[in-house]
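Asks:
See the structure below:
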């Protein structure tokens, strides 16, 4: 397979929406932050065996750090490479914060948030189209989200370092099912309190 | 003893009763020779010494307290929790660190489920060397590092041990989310880099309290970023006894607004 300038897929995912696609080995997926500081929650699965899926801990311990950027290899739970970050104009992405859910929102902000949209709902809706269910949801990547850890362990989602037009490009190391929730969160700075669309381009 | 006949083989097998080893469960648990201070022997429900490279699992009633002890200083307790009988509710490590605003486990930390409830609370901790970001080891990685990662080999991988423990509760590899680990520490630097801080030494212990009925899976296996070239893992003591879950009057219930709401969510399904 050769890379061309003509994308095989080029779509805009609306604010708050789910999205998925199979990215074939050797193809590159570019995620562009159109509005700036839009958290893009992302899970990866081996397209031929979804029991093999993105593992945040394997990715973290394989590269010796919790932040993702160019050169980071996204590892599976069998410690095999799924995708590699080959370009990144943002510079830092999160591996530890996971997805928002209606349930965790009740803990983080209060029960008044229970009626709001959340990433886990998106993952369940979109994952269900591929035979994935709740047991298939694990700690995910948050593209463009900034989660620093202080010396005493204090950790939290803070203002993003992304901006309109910044992008991250992932090369598939095997055929990969990419599952995305374009995060609907409106209670913390991950989206600047305002979810915006993102662009997905596969070459 | 002649084992060439069924009678001889039976006699040989039965003669083993009463043999003790350093790593074994004690049944009934009330026979454990040294109950924790203040715990009546009759209240013990689990007493076991798990070998380095071994695993164990148990269903615990709500309120049970579970004490893990690093006997020789090189245990590493990789832990997964599920609500007993409905394992689709399980430990969510991301929520456990994010909701509590802290990546480091210690006394007072709550281990949260993916449904916004408290699975277990950390009641006491004399170690302070734990990890929430590195998960456990895999067959592939242990094979690369130690030449073997199979469960019965010299360097069992945590994920392989979890697979066996999970299978005994009807669960599969798809049911193994990221785990946490006790007794081998990791610290995160300002650039996101990891520092392995290792063990606090022999005798450190952690006590967890089951805030819901739990299926507990524990793999005692070397931490995935333990830098030592040789696979090193020593035995771990596991004791559990009947106790009471955290109640509304307990200081831990009110320790943080996030925790208070998590306990309220838990109470809603455990009343």
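Residue numbers (the numbering used here), protein chains in the order written: chain A, 1 to 203; chain B, 204 to 474.
Every residue, glycine too, gets a C-beta built ideally from N, C-alpha and C.
Remember, it's a predicted structure, so these values are computed and weren't measured experimentally.
#1: Among residues of its own chain, excluding the 5 on either side of residue 341 of chain B, which ones have a beta-carbon nearer than 6 Å to its beta-carbon?
#2: Are there 16 or more other CB atoms within 10 angstroms of the CB of residue 291 of chain B, so buried, or fewer, so exposed?
#3: Where DSSP assigns a beta bridge to residue 258 of chain B, which residues make up the other side?
#4: Which same chain residues, not among the five before or five after residue 421 of chain B, have their C-beta less than 6 Å away from its C-beta?
#5: Could you check how far apart the C-beta atoms of residue 54 of chain A and residue 76 of chain A are, in whole angstroms? I think they sit under 8 Å.
#6: In this structure, what does DSSP give as the bridge partners for residue 268 of chain B?
#7: Given a threshold of 16 other Cβ atoms within 10 Å of its Cβ, counted over all protein chains shown, does residue 115 of chain A qualify as buried or as exposed?
#8: If the cut is a Cβ gap below 7 Å, which residues of chain B does residue 57 of chain A touch?
#9: Report buried or exposed for residue 193 of chain A, applying the criterion of at least 16 other Cβ atoms within 10 angstroms of its Cβ.
#10: Mind checking residue 8 of chain A: buried by the 16 CB within 10 Å criterion, or exposed?
#11: Consider the Cβ of residue 108 of chain A: report whether some Cβ of chain B lies at a distance smaller than 7 Å.
#12: So, helix, strand or coil for residue 31 of chain A, using DSSP?
#13: With DSSP as the reference, label residue 385 of chain B as helix, strand or coil.
#14: If you draw a straight line from the C-alpha of residue 264 of chain B to the C-alpha of residue 379 of chain B, how long is it?
#15: Taking DSSP as the reference, what is the three-state secondary structure of residue 65 of chain A?
#16: Do we get a CB-CB distance below 7 Å when we pair residue 8 of chain A with the residues of chain B?
#17: Please classify residue 201 of chain B as buried or exposed, where buried requires at least 16 neighbouring CB atoms within 10 angstroms.
#18: Could you pull the start and end residues of the alpha helix (DSSP H) that residue 296 of chain B belongs to?
#19: At a Cβ cut of 9 Å, what residues of the region 134 to 148 of chain A count as close to chain B, listed as they run along the chain?
#20: What residues of chain A sit near residue 429 of chain B, judged by a beta carbon separation below 9 Å?
#21: Taking only the alpha-carbon atoms, compute the straight-line gap between residue 200 of chain A and residue 186 of chain A and give it to the nearest angstrom.
#22: Answer yes or no: does any C-beta atom of chain D fall closer than 7 Å to that of residue 328 of chain B?
#23: Is the number of C-beta pairs between the region 324 to 339 of chain B and the region 56 to 69 of chain A that are closer than 8 Å three or more?
#24: Out of B/398, B/382, B/381, B/383, state which residue places its alpha-carbon closest to the alpha-carbon of residue 389 of chain B.
#25: Residue 227 of chain B: buried (16+ other C-beta within 10 angstroms of its C-beta) or exposed?
#26: Under a three-way DSSP split, which group does residue 40 of chain A fall into?
#27: Report yes or no: is there a C-beta of chain B within less than 7 Å of the C-beta of residue 124 of chain A?
#28: Closest by CA to residue 425 of chain B, which one among B/277, B/327, B/300, B/373?
#29: Going along chain A, which residues have a C-beta under 8 Å from residue 341 of chain B?
#30: Report the three-state DSSP secondary structure of residue 225 of chain B (helix, strand or coil).
#31: In this structure, does DSSP put residue 324 of chain B in helix, strand or coil?
#32: Taking Cβ positions, are residue 288 of chain B and residue 436 of chain B nearer each other than 7 Å?
#33: Only counting the same chain, and skipping five residues up and downstream in sequence, which positions put a Cβ closer than 6 Å to that of residue 52 of chain A?
#34: With a threshold of 7 Å between beta-carbons, can residue 378 of chain B be considered close to chain A, or not?
#35: Could one say the Cβ of residue 128 of chain A lies closer than 7 Å to chain B's Cβ atoms, at least one of them?
#36: Are residue 14 of chain A and residue 197 of chain A close, meaning C-beta to C-beta below 7 Å?
Replies: Taking the structure as given:
#1: Exclusion of the five residues before and after residue 341 of chain B leaves 360, 362 as the residues of its chain whose Cβ lies within less than 6 Å of its Cβ.
#2: With fewer than 16 Cβ atoms within 10 Å of its Cβ, residue 291 of chain B is classed as exposed.
#3: Residue 258 of chain B pairs with B/422.
#4: Closer than 6 Å at the Cβ level, and outside the excluded window around residue 421 of chain B, lie 259, 280, 282.
#5: Under the criterion of beta carbons closer than 8 Å, residue 54 of chain A and residue 76 of chain A qualify as touching, at roughly 7 Å.
#6: DSSP lists B/412, B/444 as the beta-bridge partner residues of residue 268 of chain B.
#7: By the neighbour-count criterion, in which 16 or more other beta carbons inside 10 Å mark a residue as buried, residue 115 of chain A falls on the exposed side.
#8: Correct list: 336, 337, 338, 381.
#9: Answer is exposed; the Cβ neighbour count stays below 16.
#10: Looking at its Cβ environment, which holds fewer than 16 other Cβ atoms inside 10 Å, residue 8 of chain A is exposed.
#11: Yes - at least one Cβ of chain B is within 7 Å of the one on residue 108 of chain A.
#12: DSSP places residue 31 of chain A in strand when its eight states are reduced to three.
#13: It is a strand residue.
#14: Inter-residue distance for residue 264 of chain B and residue 379 of chain B is about 22 Å (C-alpha atoms, whole angstroms).
#15: It is a strand residue.
#16: Closer than 7 Å: no.
#17: Nothing can be reported for residue 201 of chain B, as the shown portion of chain B is limited to 204 through 474.
#18: From DSSP, the alpha helix (DSSP H) with residue 296 of chain B extends over 296 to 301.
#19: Within the region 134 to 148 of chain A, the qualifying residues are 134, 135, 136, 137, 138, 139, 140, 147, 148.
#20: Going along chain A, no residue has its Cβ under 9 Å from residue 429 of chain B, so there is no contact; the nearest lies around 10 Å.
#21: So the alpha carbons of these two residues sit roughly 22 Å apart.
#22: Going by chain labels, chain D is absent from the structure shown, which instead holds the protein chains A and B.
#23: Short answer: they touch.
#24: The residue with the shortest Cα to Cα distance from residue 389 of chain B is B/398.
#25: Exposed: under 16 other Cβ atoms inside 10 Å.
#26: The answer is strand: DSSP assigns residue 40 of chain A an E or B state.
#27: So no, residue 124 of chain A is outside the interface.
#28: When each option's Cα is compared against that of residue 425 of chain B, the closest is B/277.
#29: Near residue 341 of chain B (Cβ distances below 8 Å), the residues of chain A are 58, 77, 78, 79.
#30: If DSSP states are grouped into helix, strand and coil, residue 225 of chain B belongs with coil.
#31: Reduced to three states, the DSSP call for residue 324 of chain B is strand.
#32: Cβ distance not < 7 Å, so residue 288 of chain B and residue 436 of chain B don't count as in contact.
#33: Result list for residue 52 of chain A: 46, 76, 78, in chain order.
#34: Against chain A, the CB of residue 378 of chain B has a partner CB under 7 Å away; the residue lies at that interface.
#35: For residue 128 of chain A, the answer is no, since every Cβ of chain B falls outside 7 Å of its Cβ.
#36: Note that the C-beta distance between residue 14 of chain A and residue 197 of chain A is below 7 Å.
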